[in-house]
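Residue numbers (our numbering), protein chains in the order written: chain A, 6 to 117; chain B, 211 to 324.
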């Protein structure tokens, strides 16, 4: 069966520091991968998606970037965090675009 | 563009009573619709989806959803609510333009009282 991992689970970082969040998927090959941000426990904002290694699409301009160095690994990064980057970050995967997405446990990021 | 609306921020129901969480959609073609649940500080869990076929879709944990094309609705239902059903529920629709991402509603908080 497929599983999706995210780490760390929680992170507290000062403004201006770098960020690296990692997501890995097990039990499937060539998944579509997604990064979402959820602010204030409500709506989801799609940040990035990837259909393959090295293929990243950004949904909104922002202080963040994403990379996919391996088939089942998706990384969310920032060079300098802003206060507005605080939130709950969710990684998800699907077999193909438009199909059911399966979410990881999330990372709670607090920027102080 | 495809979209979904969840008109209620919060739904309150007593344990043992039936529950309904509302969702309406707007699409240009045939809708692909999804329901997810999120417990505090957790990721979203997939409950069910409608692609085609029977208008009543059964999903996990005793939930079901009724697709109504004339009313453009996809309401989530359960015959008898449990306190443990208290959570945040999201409706989503597949965007058939471009990449076919999922477009999520703003969420409805369900509170089931003992």
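In this text, a Cβ means the ideal position worked out from N, Cα and C, and glycines have one as well.
Partner residues in a beta bridge of residue 226 of chain B, as assigned by DSSP, do not exist. Within chain A, the residues 103 have their CB atoms less than 8 Å from the CB of residue 242 of chain B, given in chain order. The alpha-carbon of residue 299 of chain B is positioned some 7 Å away from that of residue 245 of chain B. Here the alpha carbons of residue 103 of chain A and residue 259 of chain B stand approximately 12 Å from one another.
When DSSP states are grouped into helix, strand and coil, residue 271 of chain B belongs to the helix group. If you ignore the 5 residues before and after residue 64 of chain A, its C-beta comes within less than 8 Å of the C-beta of 50, 51, 52, 53, 54, all in its own chain and listed in chain order. Against chain B, a Cβ distance below 7 Å from residue 47 of chain A picks out 316, 317. The Cβ atoms of residue 94 of chain A and residue 42 of chain A lie closer than 8 Å to each other.
DSSP, read as helix, strand or coil, puts residue 38 of chain A in strand. When the Cα atoms are used, residue 312 of chain B and residue 304 of chain B turn out to be separated by approximately 5 Å. Within the same chain, Cβ atoms closer than 7 Å to the Cβ of residue 239 of chain B are found at 306, the five residues on either side in sequence being excluded. Residue 39 of chain A counts as buried, since no fewer than 16 other beta carbons sit within 10 angstroms of its beta carbon. The beta carbon of residue 108 of chain A sits closer than 8 Å to some beta carbon of chain B. Contact between residue 302 of chain B and residue 317 of chain B is ruled out by a C-beta separation of about 10 Å, above the 8 Å threshold.
For residue 59 of chain A, none of the residues of chain B pass the 9 Å Cβ criterion, the least Cβ distance being about 17 Å. Here the C-alpha atom of residue 70 of chain A lies approximately 17 Å from the C-alpha atom of residue 20 of chain A.
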